[in-house]
Amino acid sequence: MKKLLLLFFLSGVIKAFAADYNIKDFGAVDNLKAMSTTAIQKAIDMCHRQGGGRVVVPAGQFVTGSIELKSNVELHLEHGATLYGSTDLKDYKPMKSNYVSLRTQTTTIQLIYADSVSHVAITGTGTIDGRGRAFKKLSWNDEGMTRPHLIRFIQSSDITIRDVTLRNSGCWMQHYLACDRLSIDGIKVFNRNNYNNDALDIDGCHEVIVRGMMADSDDDGITLKSTSPRLCENIRISDCVVSSHCNAIKLGTETNGGFRNINISGIVVKPSSDQKEKFFGQWIGSSAISLEIVDGGVMENVSVSDIVVEGTESPIFVRLGNRGRGYLSSGKDMEHIVPIEHVGSISGVHLSNIHIRNAGAMGCSITGLEGHPVERVWLTNITIHHKGGVQAADLNAINEAVADEKEKEYPEATMWGNLPAKGFFVRHARNIFFNHVTVETEQPDARPDFVRIDVEEVRGDF
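Using my numbering, the first residue of the sequence shown is number 126, and each one after it goes up by one.
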């Protein structure tokens with residue numbers, strides 16, 4: 126009993142010292158024509174110096190440039206609060222981290238930034254709107270350079286993002302790089318106003334839980350990346366609704382380290398209800414599930430289950446390629462690119478209880494490279510319904526197109542167009558198990574359900 130009372134007492138002491146810091150008390154102005162960057166940063170800095178607490182954005186409209194979160198600080202947006210990003214690039218502070226991965230990501234601009242911090246959070250039922258349409262695409266790799274991210278956290282730990290609404294980033298909405306113990310819960314994301322408008326990018330992170338996210342993005346939806354040798358590892362994603370013009374669930378494209386112990390389940394994939402414009406991809410989405418290793422790296426022990434899909438041109442795409450994109454070294458020579466001179470691996474993937482309707486006619490694929498097969502993939506209880514309509518006269522052209530294995534090209538589910546199979550095209554693979562997989566088409570389709578090339582040990586009930 127004494128121990129319990131002591132614990133309650135200590136809990137009360139911690140709460141008593143966790144003060145609120147209202148940004149208006151530091152000079153923030155509820156006015157779209159006034160900048161509140163300095164006031165918000167002062168509130169964050171004071172909260173951090175005093176041992177932590179909540180920086181509160183009250184109901185109203187506030188405009189800010191780059192702000193930097195500090196350890197033990199919770200940025201809390203009350204109901205009715207909207208934090209708008211400035212539309213002037215000069216208000217975004219370039220931030221350089223000592224953690225490096227891809228060349229375009231060493232020094233970046235973003236609305237909310239944190240590096241090497243712990244116990245930070247963004248919470249509340251308010252909105253953060255980056256107004257990203259104001260930033261024009263100037264070059265191919267300008268994301269995070271002249272078009273700001275909305276959120277970017279690097280090598281940080283014990284991060285919580287809960288309940289907030291995130292809208293209209295200049296590029297990726299949220300990028301978590303080399304972070305540990307990340308929890309994303311019940312957030313809403315709308316990102317359809319610029320190029321590279323991913324909803325969520327988890328990059329080389331460990332111990333991650335994502336649940337209850339509603340996401341509508343022009344580019345990829347739920348995206349795991351590995352832009353350095355650090356793997357994405359021990360990750361659970363569940364109970365989300367995702368719309369994307371590109372790939373709703375994607376492991377890749379960047380895969381220097383790879384992915385291990387990934388569990389994804391209970392996802393609804395559907396076309397966006399807002400189909401007024403498109404920067405990338407397909408109107409109904411490129412893929413529902415894309416699992417890729419193309420820059421070295423490994424994919425091990427990955428489970429994707431209980432997925433309901435409406436649309437997408439090529440719903441399931443498993444790809445082992447050899448693009449071989451390198452990464453920056455973390456030594457003294459920060460401009461040295463470490464080359465990738467080996468092909469990675471995919472082994473131990475489980476896809477189950479996946480139901481797809483109204484898809485495009487392309488078909489699905491599982492492809493490796495000669496001498497580098499995709500290995501040990503289980504596909505169980507999968508139904509595919511698509512429009513079909515491929516004619517026998519089209520088959521020669523389709524077979525000629527897939528004869529080019531595109532080993533070095535950017536991996537995309539639609540990269541070959543219509544595939545030789547209306548169900549699954551499997552090439553360079555070993556130990557692939559199909560159980561209760563069915564394919565139906567609206568229109569007659571001349572292609573077989575399955576085509577296998579250089580495949581050892583394919584078993585199952587089709």
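Glycine included, every Cβ here is placed at the ideal spot set by N, Cα and C.
Non-local beta-carbon contacts of Glu582 in its own chain, meaning distances under 8 angstroms to residues more than five positions away in sequence, involve Arg555, Asn556, Ile557 in chain order. Counting of Cβ neighbours within 10 angstroms places Ile578 among the exposed residues, the total staying below 16.
Within 10 angstroms of the beta-carbon of Asp213 lie fewer than 16 other beta-carbons, which makes it exposed. Counting only unbroken stretches of 3 or more residues, the beta strand (DSSP E) elements lying wholly within the region 363 to 402 are 372 to 380, 383 to 394, in sequence order.
With contacts defined by Cβ atoms closer than 8 angstroms, Leu194 and Ile237 form a contacting pair.
By DSSP's assignment, Thr189 forms a beta bridge with Gly210. Taking the C-beta atoms as reference points, Ile169 is found no nearer than 8 angstroms to Ser161. Counting only residues of its own chain and dropping the five nearest sequence neighbours on each side, Ala546 has a CB closer than 7 angstroms to the CB of Gly488, Arg572, Pro573, Asp574, Phe575, Val576. Sixteen is the threshold: since fewer than 16 other Cβ atoms of the shown chains lie within 10 Å of the Cβ of Trp408, the residue is exposed. Short of 6 angstroms from the beta carbon of Ile334, and not among the five residues preceding or following it, lie these beta carbons of its own chain, in chain order: Ser308, Arg361. For Asn478, the CB contacts under 6 angstroms within the same chain, skipping 5 residues up- and downstream, are Ser430, Asp431, Asn506 in chain order. If you look at Thr162, you'll find it in the alpha helix (DSSP H) that goes 162 to 174. In the three-state reduction of the DSSP assignment, Asp150 falls in the helix class, which pools H, G and I. Collapsing the DSSP output to three states places Leu200 in a strand. Boundaries of the beta strand (DSSP E) harbouring Asn426: 423 to 435, taken from the DSSP string.
Residue range 520 to 528 is occupied by the alpha helix (DSSP H) that includes Ala528, with no beta strand (DSSP E) assigned at that position.
Scanning Arg444, Ala303, Ile462, Gly346 for the CA closest to the CA of Ala324 turns up Gly346. In the DSSP assignment, Cys304 falls outside any beta strand (DSSP E), carrying neither H nor E. Straight across, the Cα-Cα distance linking Ala373 with Val182 is about 32 angstroms. The beta strand (DSSP E) runs of length 3 or more contained entirely in the region 465 to 500 are, from start to end of the chain, 470 to 484, 489 to 492. In the structure shown, Lys215 falls within a helical segment according to DSSP collapsed to helix, strand and coil.
Three or more beta-carbon pairs drawn from the region 374 to 386 and the region 411 to 421 are found closer than 8 angstroms, and the two stretches are therefore classed as touching. By a beta-carbon distance limit of 8 angstroms, Asn447 contacts Glu532. Their separation comes to about 5 angstroms.
The beta carbon of Ala164 is closer than 7 angstroms to those of Ile148, Phe151, Gly152, Ala153 in its chain, skipping five residues each way along the sequence. Comparing alpha-carbon positions, the option among Asp344, Ala528, Gln568, His497 lying closest to His510 turns out to be Gln568. Asn543 and Thr250 have their alpha carbons spaced roughly 44 angstroms apart.
By DSSP's assignment, Tyr224 forms no beta bridge with any residue. A residue is called buried when at least 16 other Cβ atoms come within 10 angstroms of its Cβ; Trp297 meets this threshold and is buried. The bridge partners DSSP lists for Tyr452 are Val463. If you compare the alpha carbons of Cys330, Tyr217, Glu268 with that of Pro354, the shortest gap goes to Cys330. Asn293 counts as buried, since at least 16 other C-beta atoms from the protein chains shown sit within 10 angstroms of its C-beta. Residues of the same chain with a CB within less than 7 angstroms of the CB of His173, apart from the 5 flanking positions on each side, are Lys195, Ser196, Asn197, Val198 in chain order. CA-to-CA, the gap between Ser390 and Ser363 works out to about 5 angstroms. Annotation for Phe404: Tyr320, Asp343 place their beta carbon closer than 6 angstroms to its own, counting only its chain and skipping 5 residues before and after. At a Cβ-Cβ threshold of 8 angstroms, Gly190 and Asp216 count as neighbours. In the three-state reduction of the DSSP assignment, Arg256 falls in the coil class.
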